[in-house]
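Just so we're aligned, residue 1 is where the sequence shown starts under the UniProt record's numbering, counting upward by one.
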Amino acid sequence: MDAISYERATDVGAAVAAASQPGVVFIGGGTNLLDLMKGGVARPVKLVDITHISGMDRVSALPDGGLRIGALVRNSDAANHAWVRERYPLLSQAFLAGASAQLRNMATVGGNLMQRTRCYYFYDTAFVQCNKRNPGSGCAAIEGNNRIHAILGASPQCIATNPSDMSVALAALDAVVRVTGPRGERAIPFADFHRLAGDRPDLDTTLQQGELITAVDLPPPLFAQHAHYLKVRDRASYAFALVSVAAALQMDGGTVKAARVALGGVAHKPWRATATEQALTGKPLSRDTLQGAAALAVRDAKAYRDNGFKIALAERAIVRAVEQAGGVA
1 MDAISYERAT DVGAAVAAAS QPGVVFIGGG TNLLDLMKGG VARPVKLVDI THISGMDRVS
61 ALPDGGLRIG ALVRNSDAAN HAWVRERYPL LSQAFLAGAS AQLRNMATVG GNLMQRTRCY
121 YFYDTAFVQC NKRNPGSGCA AIEGNNRIHA ILGASPQCIA TNPSDMSVAL AALDAVVRVT
181 GPRGERAIPF ADFHRLAGDR PDLDTTLQQG ELITAVDLPP PLFAQHAHYL KVRDRASYAF
241 ALVSVAAALQ MDGGTVKAAR VALGGVAHKP WRATATEQAL TGKPLSRDTL QGAAALAVRD
301 AKAYRDNGFK IALAERAIVR AVEQAGGVA
């Protein structure tokens, strides 16, 4: 067994100082990290416990009418918070679609953002060929069992997918991730927080060494009336998405005034379907409009041996989710 040291941080500054060296990681709920450690995938040299930092477990209103969700807020608490349910129903639905009630009671918002991408070969250390675990070793999934893998934004280095339901909703809502690190505080637009695999599949986010997620900020609520999170999976519960869609609309009568559409289960990061959003804006929610807009989301999709079905599934899921959001289904 590897030796691991442990430190309990009492404030953000102490946590950042304790995590300044490589191999040091923060631990909150631990629902993903501990699995990775037990499987030998993650081998931290030190754990910095951030669960006793005051103030990071709160949901608070922002002056512009938006909302700040602390990084230590439990997923179940965020899902059921009155402000989240009323102002950001898309996010509440996404939280409740994730994992089990027991896991949601432990998992934190910050930890949810840091979930490692899902891939059979990444999680099984018997497979040496994994660029995410062993950079330069290759990607076993490309020629292997790739039913759950990416169809968008993939690279020859990695075709794993991001597993977070919460993050798909946050991508659609234009959230901002607030972090503090050795160089101070910064705000990361959600589109820039997670990475595509590119030539560095070992990096899932743009966080720098020692940076701690402190909160997620949501802009003023514009999509409270017309939003729907659709998750398509092999089982009705406790399963990761094959394809998920976060759809949010502003409606002017029967016409779409503004649209937000993001996909999960299809890429190394939550995938914002901007072409689909543009195609919906200013149009009525007819089936022809929806099908044409949905096709734009997957026009650059690349299928592998086992996951070609995801292309048609993504198109149909977009149509269904937008119909549900618009109240025409």
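Note that the Cβ used here is the ideal one computed from N, Cα and C, for glycine as well.
- Rounded to whole angstroms, the Cβ separation of I159 and A150 is 5 Å, and the two are in contact under 8 Å.
- The C-beta separation of V176 from P189 comes to about 6 Å, placing the pair in contact by the 8 Å criterion.
- Burial of R104 is indicated by the presence of at least 16 other C-beta atoms within 10 angstroms of its C-beta.
- In this structure Y6 is exposed. Its beta-carbon is surrounded by fewer than 16 other beta-carbon atoms within 10 angstroms.
- Judged by beta-carbon spacing, V261 lies within the 8 Å limit of A172, meaning their Cβ atoms are closer than that value.
- In this structure, DSSP gives S100 a state outside helix and strand, which the three-state scheme calls coil.
- In the structure shown, I4 adopts coil according to DSSP, grouped into three states.
- DSSP, reduced to helix, strand and coil, places L249 within a strand of the structure shown.
- Residue pairing by DSSP puts V176 in a beta bridge opposite P189, D217.
- Of all alpha-carbon atoms in W83, R195, A154, the one lying nearest the alpha-carbon of R116 is that of R195.
- Residue range 59 to 61 is occupied by the beta strand (DSSP E) that includes S60.
- In this structure, the alpha-carbon of V298 lies about 11 Å from that of R272.
- Apart from the 5 residues on each side of it in sequence, T125 sits with its Cβ closer than 8 Å to the Cβ of G39, G40, V41, R133 in its chain, given in chain order.
- Assignment of P156 by DSSP, reduced to helix, strand and coil, places it in the coil class.
- Under the three-state reduction of DSSP, V128 is assigned to coil, being neither helix nor strand.
- S60 is the residue among Q102, S60, G292 whose C-alpha sits nearest the C-alpha of A82.
- In this structure, V45 is the residue among A79, V45, V73 with its C-alpha nearest to the C-alpha of P22.
- Counting along the chain, I311 sits inside the alpha helix (DSSP H) bounded by residues 309 to 326.
- Counted as a single uninterrupted DSSP element, the beta strand (DSSP E) harbouring R68 occupies residues 67 to 70.
- With a 10 Å radius around the Cβ and a threshold of 16 neighbouring Cβ atoms, H52 comes out exposed.
- Secondary structure note for T274: its alpha helix (DSSP H) is the uninterrupted segment 274 to 280.
- Between the stretch 239 to 255 and the stretch 307 to 326, the count of C-beta pairs closer than 8 Å reaches three or more; the two stretches touch.
- The shortest CA-to-CA distance from T10 to any of A3, A18, S237 is the one to A18.
- By a beta-carbon distance limit of 8 Å, P220 contacts G65. Their separation comes to about 4 Å.
- The shortest CA-to-CA distance from L218 to any of S20, G70, I311 is the one to G70.
- Of the other Cβ atoms in all chains shown, 16 or more fall within 10 Å of the Cβ of F223; this residue is therefore buried.
- The C-alpha of L90 is placed about 39 Å away from the C-alpha of S137.
- DSSP, read as helix, strand or coil, puts D49 in strand.
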